[in-house]
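Protein chains in written order, with the numbering used here: chain E, 1 to 358; chain V, 359 to 1032; chain D, 1033 to 1313. Where is the CB? At the ideal position from N, CA and C, for every residue including glycine.
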Amino acid sequence: MKARVLHESDVLSIVDILRQRGYEVLAPFRGHGRDTYFDTVTDLNRNQIQIHLPNPYYPPKRFVFPHIERLMKAEGSQGDLRIRPTYEAPKRAIFGIRSCDLAGIYHLDRFFLGREHSDIYYEKRRRNLLLVNLVCTDPERDIGKECFCMCADTGPAARDHFDLQLMDLGGEFMAVAGTSAGEALLANPIFRKGTDEHIARRRAILERLRTHFESTNTSWFSAAVRYVSQGKVSDKTWEEIGQRCLECGGCTYVCPACTCFTVADRQVGPNEVERVRVWDSCALGGFTRMAGGFNPRRAVHDRRNRRFFRKSSHYFIQRELSMACVGCGRCAAVCHGDIGMPTVVEMIRRASAQAEAR
Amino acid sequence: MAHQLTTCTYCGVGCGLYLETADNQVIGAYPSVSHPANQGRICVRGWHVHEIASSPQRLKKPLLRKNRTLQEVDWDEAFGFVATRLKQIRDSYGPDAIAFLNSPRCSNEDTYLLQKLARAVIGTNNVDQGSGVFCNNSIDVLLDMIGVPAATTSIADLAHSDAIVVDGVDLGRRLPTIGGAVIRAKLRGARLIVIGTRRHRVAENADMFLQIQPGTEVTLYGAMAKVILDRGLLDLAFIKARCRNYENFLQQVREYDLLQAAETCGVSAEGIEQAAVAYANARAATVLYSTSMEARSRETIRAVVNLVLLTGNLGKPGAGILALSEQNNLQGVCDMGMLPGHLPGYKPVDDPPARAQLESLWNTKLPASPGLHARSLLANGDNRQLKALWMCHYDPASAAGVEEARGLFEDFKLVVSQQLFITNAARYVDVVLPTTAYGEEEVSFTSTERRIQLAQKVIQPAPGLMPVWQQVTRIAQLMGARWNYATAADVMEEIGQAVPFYSGASYENLAREYGRQWPCTKDQPLGTRYLFGDNANGNSFSFAAVPMPPQASLPEEFPFRLFFGSSLYYWTQDVLVRHSETLKREYRILWLDYPEGFVEINSEDAKRLGVRDGQSITLRTAGGSSQAVARVTPEVMSGTIFVPYFLREVEKKIWNSAVDRNQPVPVRVEKGAA
Amino acid sequence: MRATEQNVYLPKPAVLERVLPEIPEVKTFYWHFEDAEEQQAFRKFRPGQFAQVSLFGVGEFPASLPSSPGEEETFFTIRKVGSCTSALDELQPGQKFAVRGPYGNGFPMEDYYGKDLVFVAGGIGLIPLRSCIVYALQHRKYYDRIQIFYGAKTPQELMYMPNLREWEQSAGVECFLTVDRPDAGWTGDVGVVGRLFSKPGVQVAVENSTVFVCGPPVMFRFVIKDLLAMGCEEKNIVSTLERYMKCGVGKCGHCCIGVAYVCVDGPVFTYQQIKKLGEEI
């Protein structure tokens, strides 16, 4: 990997360069209060781009796997039926994607492009996407109280899956290229050669950051993964978890690694139908209900169990060679009943400790 | 792409959410982390709000009945027709021949101008919001006892409550964001007391779940008051300083007997005692009840407020009453005076000074006699004098306890309907005026915690479509009124003059953060998180004596208590749900499982009677009988039969013949069809 | 990332040829792809696989393929249960809908060479098994005995009767039918399908055999119990599972149970596998 450094004041020039090269650049902005979001950079908002801020809550996975996406149109009249796929794959760059979300996109790559069937819609968007990763270094602004990338081994500094990685060293940023596309960017004169001192600084910052993660619940994360994988979590624990689920679907929608969707047809003209796919959630009662009424996961705790099994069992980690939990902590922030991943890990730990005590 | 903070309009919580748009389409939705009401959470409805936004079935042009069929016409023709016809009817039959109904989903601006059209241009107080069938109990009692007909506290302040009482309403399904706030408060250590007949998700999380016989809330609260008195847990300082009618109340409470109450309610005396002590010992306690579908009787609400006053749970953070409006703008619609007996700001219509104030603002004389209630108009068919009806986003088919409205309106000279889609009502309306929808207009709504907030325009509507308030303005102008509102903000400007507690709620102020909680005045522009915090105005609260209800014993031949309530089953009727694929799937589950509707019976009772899930049963009362399909579930209490509203057959044959619709009906359950 | 241009979600127009009623609420729909090449490619499916059927404007649903790859005609046999199947039911011959597939693992028919084949079906559970039966008869020399045990609620609800009568006549095929509620004309066996196993003269092939079981959940549970009691090995019992499905290609997530995506890892599973999935069947 090739590394360079650049001055703090030049960081947003990367956005300019990308825009000049025809990319639609998505970057983080501030909304009201603590709200933040990824939005398209324009001449007007370019100076409002934020480098350090709470990771936007609406995950950037939607740039490859949109909340709602048209798959095809079908036209039918007088016994004729014409079906036309509809692709949309703008040339895009995400500037400032965090390491956890990067791991999320890698997971989606494994899932949508791996195994016997590849998803062409995802593939087209993904092939046109460039990722400029930003390492979370500011304990106040970057690292949320629910973050546990340390336990999920995805951050704060991603080791791969980015085109270009930026890290704030204080006054200067280190830029690392992860692909040839990223390397091509480094040719710009804003990038200078780094020194050993820069590398030492990078190491020191990352070392210090380890102490800034508040959530201690997730220290048992890997053990919880083992317990879930081996089916050692009791039904009673799942019932306790399920009892607090209000079935909103939020945890799955904000999850950078959740992939489930449903497909629906909508009439758009007298003889025209569009088929769309929208994010779906295993938390919802209708997710598994079959025509005719049989629902294998009618009970809410079965559905919770399902989510955590799918996310953290060894079987699926091996199947995708990637874990469907990236430690971003969003599910904890979005949950009405406080049963995001960190709490669930803690509930499993507590239940196991109690079982041992008996 | 663009991101805009706006307000979710599904329910009364008023969650803050962002809409993401591109190419004039809503492509995504997600919650605001910082909005005080929802703090990063929304429910399944909010997460799928973008699916509805662009339904191709939307009406785009006005429809006018010509030769018995509705035909597309241009806007001028439609407006002209309505104005002329309204004038003719007013002149021939008098202003009280015209009535206006709107939905508790309508915006403040739409509602304010609609009732102004009725009162100031037509000259009638025949205005009501469609759910008036339910909610006015709470308005009347709260006005009477604490002087303000609204929640006294805030959703976020639940985090400061040490005890929370949830009465009846299934928060997890109806107002999930509040359900979540309650569960999280409990996890942080608040004592959660759930009172009600049906078991639901929040009840599963309760420290104490008092599963009581239907209709026995008054007895329960009376007994709790008795326990508090007996143990000296009352807040005497608060009572002395701020309350009236304490003596009368005291006298009445002494009549309550704990053991007898326990028997009536079907719970243990210890349970009542524990709940009373937990509530009274809390530094700050909140009570939640619904003012909408699961509405409580006046007596019940009085009994609740008595408890609040007795323990001094008003005017401090985390203490108070959360009277829940389930529809997104039920609070605002009432604030705006869409009530037959109240002007904007809840001043009685027969109060001359209040009228005079508005008369000078509106520059006209106002009618002094109260108008017709929605209930008497629709359910009782008490509309002989009526010749015209204006329905704003209102569909009688969605009102519980109301028969098919078709027959009621057939003889009318004019029925106007403002709608997004063709509804059942289209069969008898004369004019349909399609309007802009959520996301296509900037208007304000007032949530259940008195939060006046903006719903933003994020996409352009189809050409010609305009908000309700603009259509009302056009028609008022055609009828000779000199109205002049260029924007919704102009309307809010005038609302600020008509409703004192909105006087600081300019659009500029509302847009700054996350709306403002009223009272939001010029002196207090940041709004009010909880009411009665300062005693400067010498607020005076009044106890209301509630006599102990007679112990209703069941006749041997009718051993079950049948009661009505809301169920998700009929959410399939909701316009917003119908046009989102995911919500349609979720809310249709029950409907698909029980295509003919159902009544709920406890699993144990069903086992004993040999009734299987999905089987037909006959419900027999002293006055009649009805058939229904049984849904066997542990959610209802043993000895009770739960009937969802809108199960027309049972409504017609049992509810309508019941002596008191607020009381459970004694019934017998027989296997099979009669 | 490997580059492909194949759109797995895109169905191809198909023409409905004719419709034959089977039993109440169940009909067989004969169809072919509009495009002849498409039709050729599709016909290479394996018994036990399924296809996604599209009625644009209503939606898409998975349907098993009851025909055998060797048969001339392609068809679906479908029970009217939801909005999609109702929409198909309303289609007139000559009208178009759309199909994609085949999907799923299918039965590994080669693995069963040299074995006895036992088919146990209840009600419309015969639909997915029909393909295997026809396949086995077409490749008769590779298999030993063939036994068919089939039960339905009433005689009117016995499916594929002409086929059953024909199969019965084939050499080395034993066919046993039963109904729960006989009518006046019924002279055959009465009772659940498992009762046939203990019928005098019946010797269920449980050694060196593959047992196919398909039917409603209750029937499934009882038949499995009986088979295991007779000494049948769990790995020799095979079935196909049904789940709510949106994509058919392992992406939408709806059909995922335990460690398996029914659409790509199934729908054919051995009972040994099913047991481990840990969810109601």
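As assigned by DSSP and simplified to three states, the class of S938(V)
On the second sequence, position 580 is the one that residue 938(V) refers to. Three-state result, S938(V): coil.
I'd like to check one pair, F607(V) with G1034(V): are the Cβ atoms closer than 9 Å?
With chain V represented from 359 up to 1032, any question about residue 1034(V) goes unanswered, as that position is not in the structure.
Close-in-space but distant-in-sequence residues of the same chain around G386(V) (CB under 6 Å, 5 per side omitted):
Indexing the second sequence from 1 puts residue 386(V) at position 28. Taking C-beta separations shorter than 6 Å and ignoring five residues to either side along the sequence, the partners of G386(V) in its chain run E378 and H408, following chain order.
Got a sec, what are the start and stop residues for the beta strand (DSSP E) W279(E) sits in?
Residue numbering aside, residue 279(E) sits at position 279 when the first sequence is read from its first letter. Run containing W279(E): E272 to W279, per the beta strand (DSSP E) assignment.
If you draw a straight line from the alpha carbon of Y872(V) to that of H393(V), how long is it in whole angstroms?
Position 514 of the second sequence, counting from 1, holds the residue named residue 872(V). Position 35 of the second sequence, counting from 1, holds the residue named residue 393(V). Each residue's Cα considered, the two are about 6 Å apart.
Pairs of beta-carbons, one from the stretch 869 to 883 of chain V and one from the stretch 573 to 581 of chain V, closer than 8 Å: are there three or more?
Judged by Cβ distances under 8 Å, the stretch 869 to 883 of chain V makes no contact with the stretch 573 to 581 of chain V, as fewer than three pairs qualify.
With a threshold of 9 Å between beta-carbons, can I1289(D) be considered close to chain E, or not?
Here residue 1289(D) is taken as the residue at index 257 of the third sequence, counted from 1. For I1289(D), at least one C-beta of chain E is nearer than 9 Å to its own C-beta.
Reducing DSSP to helix, strand and coil, say where A758(V) ends up.
As a first step, residue 758(V) is located in the second sequence; it is residue number 400 there, counting from the start. Any reading at A758(V) needs caution, since the residue's pLDDT is 47, under 50, leaving its predicted position unreliable; the model's value is listed next. Note: A758(V) maps to coil in three-state DSSP.
Within 9 Å of any Cβ in chain D, is that where the Cβ of D235(E) sits?
The residue you call residue 235(E) lines up with position 235 of the first sequence. When Cβ-Cβ separations below 9 Å define contact, D235(E) makes no contact with chain D.
Sub-9 Å separation of V263(E) and K1278(D) beta-carbons:
Counting from one through the first sequence, the residue named residue 263(E) turns up at place 263. Counting from one through the third sequence, the residue named residue 1278(D) turns up at place 246. Against a cut-off of 9 Å, the Cβ pair of K1278(D) and V263(E) comes out as a contact.
Go through its chain and collect everything with a Cβ distance to T991(V)'s Cβ below 6 Å, but skip five positions before and after it.
As a working mapping, residue 991(V) is identified with position 633 in the second sequence. Closer than 6 Å at the Cβ level, and outside the excluded window around T991(V), lie E958.
Sequence-distant residues of the same chain with beta carbon closer than 7 Å to L920(V), five excluded per side
Numbered from 1 along the second sequence, position 562 holds the residue referred to as residue 920(V). The answer, listed in chain order, is L977, I999, V1001, I1012, P1022, V1023 and V1025.
Buried or exposed: which applies to R203(E), given that a residue is buried once 16 or more other Cβ atoms fall within 10 Å of its Cβ?
Locating residue 203(E) in the first sequence gives position 203, counting from the first residue. Here R203(E) is exposed, its C-beta having fewer than 16 other C-beta atoms within 10 Å.
Taking CB distances under 9 Å as the criterion, tell me whether D515(V) reaches chain E.
By one-based count along the second sequence, residue 515(V) stands at place 157. Answer no: the Cβ-Cβ gap between D515(V) and chain E never drops below 9 Å.
List the residues of chain E that G400(V) touches, going by C-beta distances under 8 Å, in chain order.
Numbered from its first residue, the second sequence carries residue 400(V) at position 42. Before going further, note that residue 400(V) is Ile rather than Gly in the sequence given. Against chain E, a Cβ distance below 8 Å from I400(V) picks out C248 and G250.
Among V994(V), S924(V), Q814(V) and L941(V), nearest to F918(V) - alpha-carbon criterion
On the second sequence, position 560 is the one that residue 918(V) refers to. Answer by Cα proximity: V994(V).
How should E613(V) be labelled, buried or exposed, when 16 other C-beta atoms within 10 angstroms of its C-beta is the threshold for buried?
Taking the first residue of the second sequence as position 1, residue 613(V) is located at position 255. Classification for E613(V): exposed.
Cβ pair L1196(D), Y1182(D) closer than 9 Å
Locating residue 1196(D) in the third sequence gives position 164, counting from the first residue. Locating residue 1182(D) in the third sequence gives position 150, counting from the first residue. With respect to the 9 Å criterion, L1196(D) and Y1182(D) are classified as neighbours on the basis of their beta carbons.
Can you check the stretch 186 to 223 of chain E for any alpha helix (DSSP H) of at least 4 residues that lies completely inside it and give the ranges in chain order?
As far as the stretch 186 to 223 of chain E is concerned, its whole alpha helix (DSSP H) runs of at least 4 residues are 196 to 209.
Measure from the C-beta of R46(E) to each C-beta in chain V and report whether the shortest distance is under 9 Å.
The count along the first sequence starts at 1 and reaches residue 46(E) at position 46. Cβ-Cβ to chain V under 9 Å: no for R46(E).
Report the rounded CA-to-CA distance for G822(V) versus A380(V), giving the unit in angstroms.
Translated into positions along the second sequence, residue 822(V) becomes position 464. Translated into positions along the second sequence, residue 380(V) becomes position 22. C-alpha separation (whole angstroms): 22 Å.
Rounded C-alpha distance that separates P1043(D) from A1130(D):
Within the third sequence, the letter at position 11 stands for residue 1043(D). Within the third sequence, the letter at position 98 stands for residue 1130(D). Those two C-alpha atoms are separated by around 5 Å.
Residue range of the unbroken alpha helix (DSSP H) whose run includes S961(V):
Looking up residue 961(V) in the second sequence gives position 603. Unbroken alpha helix (DSSP H) run through S961(V): S961 to L967.
Just the C-alpha distance for Q383(V) and Y945(V), rounded to the nearest angstrom, thanks.
Working through the second sequence from its first residue, we reach residue 383(V) at position 25. Working through the second sequence from its first residue, we reach residue 945(V) at position 587. Taking the straight line joining both Cα atoms gives about 25 Å.
Cα separation between V987(V) and F1252(D)?
Counting from 1 along the second sequence, the entry for residue 987(V) is found at position 629. Counting from 1 along the third sequence, the entry for residue 1252(D) is found at position 220. Taking the straight line from one Cα to the other gives about 29 Å.
Quick check: is the beta carbon of S312(E) nearer than 9 Å to any beta carbon in chain D?
Looking up residue 312(E) in the first sequence gives position 312. Among the CB atoms of chain D, none fall inside 9 Å of the CB of S312(E).
The alpha helix (DSSP H) that contains I1159(D), what's its start and end?
The residue labelled residue 1159(D) in the question sits at position 127 within the third sequence. Here the alpha helix (DSSP H) through I1159(D) covers L1158 to Q1170.
For A333(E) and chain V, any beta-carbon pair shorter than 9 Å?
The residue given as residue 333(E) occupies position 333 in the first sequence. With respect to chain V, the C-beta atom of A333(E) has a partner C-beta closer than 9 Å.
Find the residues of chain V that neighbour H52(E), judging by a C-beta separation of less than 8 Å, and give them in chain order.
Position 52 of the first sequence, counting from 1, holds the residue named residue 52(E). Those within 8 Å of H52(E) in chain V number zero; the least Cβ separation is about 16 Å.
What alpha helix (DSSP H) runs, 4 residues minimum, are completely inside the stretch 475 to 515 of chain V?
The stretch 475 to 515 of chain V contains these whole alpha helix (DSSP H) runs: 490 to 503.
Just to confirm before moving on: does the CB-CB distance between A152(E) and T218(E) stay below 9 Å?
Position 152 of the first sequence, counted from the first residue, corresponds to residue 152(E). Position 218 of the first sequence, counted from the first residue, corresponds to residue 218(E). Yes. Within cutoff.
Compare the C-alpha of G1114(D) against each of V969(V), I947(V), D788(V) and E1007(V) and name the closest.
What you label residue 1114(D) is simply residue 82 of the third sequence in a count that begins at 1. Cα-wise, what sits closest to G1114(D) is I947(V).
What residue range does the alpha helix (DSSP H) around D16(E) cover?
Indexing the first sequence from 1 puts residue 16(E) at position 16. It spans S13 to Q20 - the alpha helix (DSSP H) in which D16(E) sits, taken as one unbroken run.
At a Cβ threshold of 9 Å, is I541(V) touching chain E?
Translated into positions along the second sequence, residue 541(V) becomes position 183. By this cut-off, I541(V) is an interface position.
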